[in-house]
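Quick mapping for you: the protein sequence lines, in order, are chains A and B. Quick note on our numbering: the first sequence kicks off at 9 and runs consecutively. Quick note on our numbering: the second sequence kicks off at 484 and runs consecutively.
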Amino acid sequence: MAAVARLKFRKPGTGRVIGDSFVGRAIRIYIPLLILLVVTLFPFYWMAVTSFKSASELFDFSVSPLWVRDPTLDWYRHLFTQTNFPRWAFNTALVATISTLISLFCSIMAGYSLARLRYRGADAIGWGIFVTYLVPPTLLFLPLTFVIRELHLFNNLWALILTYPTFLIPFCTWMLMGFFKGIPRELEEAALVDGATRIQAMLRIAIPLALPGILAAALFAFTLSWNEFLYALIFMNDSLVKTIPVGVTQELIHGDEFFWGELMAAALLGSVPVAVLYSFFVDYFVAGMTAGAVKG
Amino acid sequence: MTQGKRAVAGWSRRDFLKTAGVAAATLAFPEVIISCGTSGSTATATIPKPRKGASIRLLQWTSFVKPADAEFKRQAAEWGAANGVTVAIETVTGDQLQPKTAAAVEAGAGPDIIQMQYGWPQLYTDACLDVSNDVNILISKLGKPDPVNEAFCKVNGTWRAIPYTVVPNAWTYRTDYFQQAGVSNFPTTWDELTAAAAKLKTTGKPISQTDGHAYGDSLTMWNPVLWGFGGKEVNADGKTVAINSKETREAIKWAKGAVQAGLVVHPEWLDPDNNQAYHADRVSGTLNGASIYIREKIEFHKYTDVTNNAPMPSGPKGTFAMNLIFNHAVMKWSPDAETARAMLLALMEKDQYQKWTLIASGYNAGPFEALHNDPVFASDPKLKAFQEVVAPGKWPGWPALPSKKTAQAQTQFIVADMFAKSLANGGTGDMEAAISAAETSLKAIFERP
Chain A
9 MAAVARLKFR
19 KPGTGRVIGD
29 SFVGRAIRIY
39 IPLLILLVVT
49 LFPFYWMAVT
59 SFKSASELFD
69 FSVSPLWVRD
79 PTLDWYRHLF
89 TQTNFPRWAF
99 NTALVATIST
109 LISLFCSIMA
119 GYSLARLRYR
129 GADAIGWGIF
139 VTYLVPPTLL
149 FLPLTFVIRE
159 LHLFNNLWAL
169 ILTYPTFLIP
179 FCTWMLMGFF
189 KGIPRELEEA
199 ALVDGATRIQ
209 AMLRIAIPLA
219 LPGILAAALF
229 AFTLSWNEFL
239 YALIFMNDSL
249 VKTIPVGVTQ
259 ELIHGDEFFW
269 GELMAAALLG
279 SVPVAVLYSF
289 FVDYFVAGMT
299 AGAVKG
Chain B
484 MTQGKRAVAG
494 WSRRDFLKTA
504 GVAAATLAFP
514 EVIISCGTSG
524 STATATIPKP
534 RKGASIRLLQ
544 WTSFVKPADA
554 EFKRQAAEWG
564 AANGVTVAIE
574 TVTGDQLQPK
584 TAAAVEAGAG
594 PDIIQMQYGW
604 PQLYTDACLD
614 VSNDVNILIS
624 KLGKPDPVNE
634 AFCKVNGTWR
644 AIPYTVVPNA
654 WTYRTDYFQQ
664 AGVSNFPTTW
674 DELTAAAAKL
684 KTTGKPISQT
694 DGHAYGDSLT
704 MWNPVLWGFG
714 GKEVNADGKT
724 VAINSKETRE
734 AIKWAKGAVQ
744 AGLVVHPEWL
754 DPDNNQAYHA
764 DRVSGTLNGA
774 SIYIREKIEF
784 HKYTDVTNNA
794 PMPSGPKGTF
804 AMNLIFNHAV
814 MKWSPDAETA
824 RAMLLALMEK
834 DQYQKWTLIA
844 SGYNAGPFEA
854 LHNDPVFASD
864 PKLKAFQEVV
874 APGKWPGWPA
884 LPSKKTAQAQ
894 TQFIVADMFA
904 KSLANGGTGD
914 MEAAISAAET
924 SLKAIFERP
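In C-alpha cells, the structure reads:
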C-alpha cells in the first residue's frame, strides 16, 4: 500500500513524495502524537508534581502550579508510615489477580462453548451475557449485598473476589466469543479428525490461537478489578481489608478538606502497576481490542 | 380545658401513685431507673447495660479534624475495655456514608450503629431502633435537645436516633482584605453583604460561595437566604408547596443584586472547593464549617492572624442558619442493641463529650442544652461565630417537619438549583423560569399522594 501511495503522490519534477517532508511528517504524525501524549500524560504529570509539593506550595497560586520549587517526600513518607497503603496495595493486587483468573477461566469456557458448540439457545445466551454486562453495578450492589450477607462474607476479601466476576465474566465472555469465532473452524475439525477430543482441540488449537484475545481480556479484567470502587466500599469495613481506591478516599479525605499531597502520591503509586502491565502487553491489548471489535 | 382544670385542681390520685412509684423505684434502684423530667414528662427510662463479650461496630463519617476521630475511637475503645466489649469504629467520607447505609439497610445487616446525617432517620425509619428510652436518659442529664437534632431524630413522635452533634456553618473571612476595601466588620444583614461584596470586588478577592450541588455548602447558604426573606419550599403541613411566592422573589432578587454587585457564585464548586480557594488566597470570604479556620490555625499558619469568622447575616424576616446535623441510630439488626445503646450513652456523657469537642477545636457543637456553653468556644474568640449559628439553625424543608419528602427535595438540590438558574450569567438568569421549575419539582414530591 505504501509503495502504491508513493507512486501515486510523487511531487512532479522533484521526485519527493508529497507529505513526506519533515513538515509533512510533523503535521501528519508528530504534532498529533504530541497532542495525544500531552493529553494522556498530563494527569500523571499533575499527580507527580502535586505529590512532591510542600503543604504551603500546594495552595500557592502566585507561582506556576506546573513546577515544584521545593520538592518533598513528606506525602510519600506519610502514606507509607501513617496509613495502611501498603496493605491496600496488597489487597488490591490479590483481589484483582484472583478475580481475573476466575473470570478468565469461566469466560474461556463460556466463550468457546458459545462460539463453537452449536446448541439450542447459544445465540440467546450470548446476547443475554452481553445484556448482563450492561446492568450497572450501582443497581447490582443492593442484591449482591444481600448475597454477601447470606454468605457471611462482609469485611472479607472473598466478597470482592466473588463479586467482581459478576461484571468481569460477561465482559470477557463477550470479548472471547469474538476471538473464538475468528479462528477458522477447520483447524479444530482437522484436529478432531486426527483423533483429538473436543477438550484437546480447545486446549491445543483454539486457546493458543486466541491468546492475544485472552491476554487482552485479562488486562481489561485486571484493570476493572484494580479500579473497582463501589463493591469495595460497600463490602469492606476495616482499614486492613480495604483496596486502594476505597482506602485512599476514606482515609485521605476528611470532611470537606482534601489532603492533596497524600492523595496524589497514592493515586500515582496506585496507577503504576496497571501502567506497567499495559506497557508489557500493549501489542496483545491492541490486537484484542480490534479483533473483538470486528469479529464479534 | 380538661388539662387546665386538672392543673388547677392539683394532683389526681393517678398522678400521686405514678410519682410516688417512680420516686420509690428511683430510691430502690438508682442505677437503673431514672425519672426524666423534661417538658413535664414523667416517663421512666431504663439504663441499658452492656453485655460482656459483645462486639459493636459503629459507622460514621470521617471528621475533618483527624485527632477528633482518634479521640472518639479512643473513648469508644476505653469504654469497650472497661465493659469487656469489642468496639470497632469505621469512618468513611460523607459521600460514601449514604451508599453504605443504604446497602446495610437493604441487606438487613451491617454496623450496629450508623451515623444518620440530616433526615436519614426518616428515610430508614424501619431499620432504626426506637431509642426514646435512651434519649430520655440524656435529656434528664443534659437538658433539652436542639430542635434541629430533635426534628431529624424523631419520627412520628418516636426517637429513631440519638442526637450526636452539630457542625456549625458560619462565614470565614479575611480581615485584611475587608479593611483594605473599607469594610470594618462582617455584614450583619444580607443587604450589608451586598454592599461589602461590591467593595471587596475591587480588591480582586471576592466573597464567593457555591450555588452548585455541594451537599453542605450549597444547602447551608441558599436555604437560610430563602428563609431570611420569608420564603419556604412547603408549608408547615408538609403538603402544600409554597415556593412560588413574593418572599421567594425577594430572596432571589437579593441574590441577583448581590451577584451583580460583586458576590461571586460558583455552580461548579463542591464542598472542598471554597476551602481550597480560601487557602489559596483567592477569595476574601466564604460560608463554611470551621474547617477552613482550623486548618489555617493548626496546619498552614499563613492567614491565621487575618482570618476571622462571623455568624449568618439577617434578612427582613430574621436570622436563619443551616448546619450539618449528625445523629446516631442503633440498627434493628444489631444482635447487641442494648450494648450499642449503652456505649452511645457513655460517649454522650458531658465530660467525655467535651473532651472530644475540645479536640475537635470548634468544628463540632453539642446537641443538648448542657453542652451549649462548651469551653472550646471560649478558648478562641474567633470560634464564637460557630457557636452563635447553632441556635438559629433550621432544617431543609422547614417549616415542615423533616420527612422522606423533605429529604428527597434536599437531595435534588431544588432550592439551590432555583438560585443557581436565577444567578446564571452574572445574576441575569430567568427568575420566573427558575421558580416555576422549582415549583414543578416540589409539587412532584410533596403533592404526590
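For every residue, glycine included, the Cβ atom is placed at its ideal position computed from N, Cα and C.
By the criterion of a C-beta distance shorter than 7 Å, residue 123(A) is surrounded in its chain by 185, 188 and 189, once the five residues flanking it on both sides are discounted. Excluding its 5 nearest sequence neighbours in each direction, residue 835(B) has C-beta neighbours in its own chain below 6 Å: 558, listed in chain order. If you draw a straight line from the Cα of residue 692(B) to the Cα of residue 245(A), it comes to about 34 Å. Of all residues in the segment 42 to 71 of chain A, only 63, 64, 66, 67, 68, 69 and 70 place a beta-carbon less than 9 Å from a beta-carbon of chain B. In the DSSP assignment, residue 646(B) falls within the beta strand (DSSP E) that extends over 645 to 650. In the three-state DSSP reduction, residue 38(A) falls in the helix class (H, G or I). Secondary structure at residue 895(B): coil, using DSSP grouped into helix, strand and coil.
Residue-level contact by beta carbon holds for residue 762(B) and chain A, with a gap shorter than 8 Å. In the DSSP assignment, residue 656(B) falls within the unbroken beta strand (DSSP E) covering 653 to 657.
Think of a sphere of 8 Å around the beta carbon of residue 575(B): the chain A residues whose beta carbon falls inside it are 241 and 258, in chain order. Closer than 8 Å to the CB of residue 269(A) there is not a single CB belonging to chain B. DSSP, read as helix, strand or coil, puts residue 540(B) in strand. DSSP lists no bridge partner for residue 789(B).
The beta-carbon distance between residue 626(B) and residue 852(B), rounded to whole angstroms, is 3 Å. This is short enough to meet the 8 Å contact definition.
Annotation note: the segment 761 to 785 of chain B contains the following uninterrupted beta strand (DSSP E) runs of length 3 or greater, listed N- to C-terminal: 768 to 771.
Looking only at 772(B), 723(B) and 643(B), the smallest Cα-Cα distance to residue 616(B) is reached by 643(B). Distance check between residue 223(A) and each of 165(A), 291(A) and 235(A) places 291(A) closest, using alpha-carbon atoms only. Proximity of chain A to residue 758(B) at the Cβ level (cut-off 7 Å) is accounted for by 264 and 265, in chain order. Cβ proximity to chain B below 8 Å picks out 156, 157 and 162 from the segment 156 to 170 of chain A. For residue 632(B), the enclosing alpha helix (DSSP H) stretches over residues 630 to 636.
Assignment of residue 244(A) by DSSP, reduced to helix, strand and coil, places it in the coil class. Chain-order list of chain B residues neighbouring residue 154(A): 589 and 590, by C-beta distance under 7 Å. Closer than 8 Å to the CB of residue 261(A) there is at least one CB belonging to chain B.
Under the 10 Å beta carbon count, residue 127(A) is surrounded by fewer than 16 other beta carbons and is classified as exposed. If the five residues before and after residue 634(B) are omitted, its C-beta is found closer than 7 Å to the C-beta atoms of 878, 884 and 885, all from its own chain and listed in chain order. Closer than 8 Å to the CB of residue 707(B) there is not a single CB belonging to chain A. Cα atoms of residue 607(B) and residue 585(B): separation of roughly 8 Å, rounded to the nearest angstrom. Comparing alpha carbon positions, the residue from 242(A), 66(A), 81(A) and 82(A) closest to residue 168(A) is 242(A). Bounds of the alpha helix (DSSP H) holding residue 99(A) are 93 to 124. Beta bridge pairing from DSSP links residue 725(B) with no other residue. Partner residues in a beta bridge of residue 741(B), as assigned by DSSP, do not exist. Between the segment 768 to 783 of chain B and the segment 592 to 601 of chain B, the count of C-beta pairs closer than 8 Å stays below three; the two stretches do not touch. Secondary structure at residue 140(A): helix, using DSSP grouped into helix, strand and coil.
At least 8 Å separates the CB of residue 235(A) from every CB of chain B. For residue 245(A), the chain B residues whose Cβ falls inside 8 Å of its Cβ are 540, 542, 571, 573 and 594, in order along the chain. For residue 807(B), DSSP records a beta bridge to 650(B).
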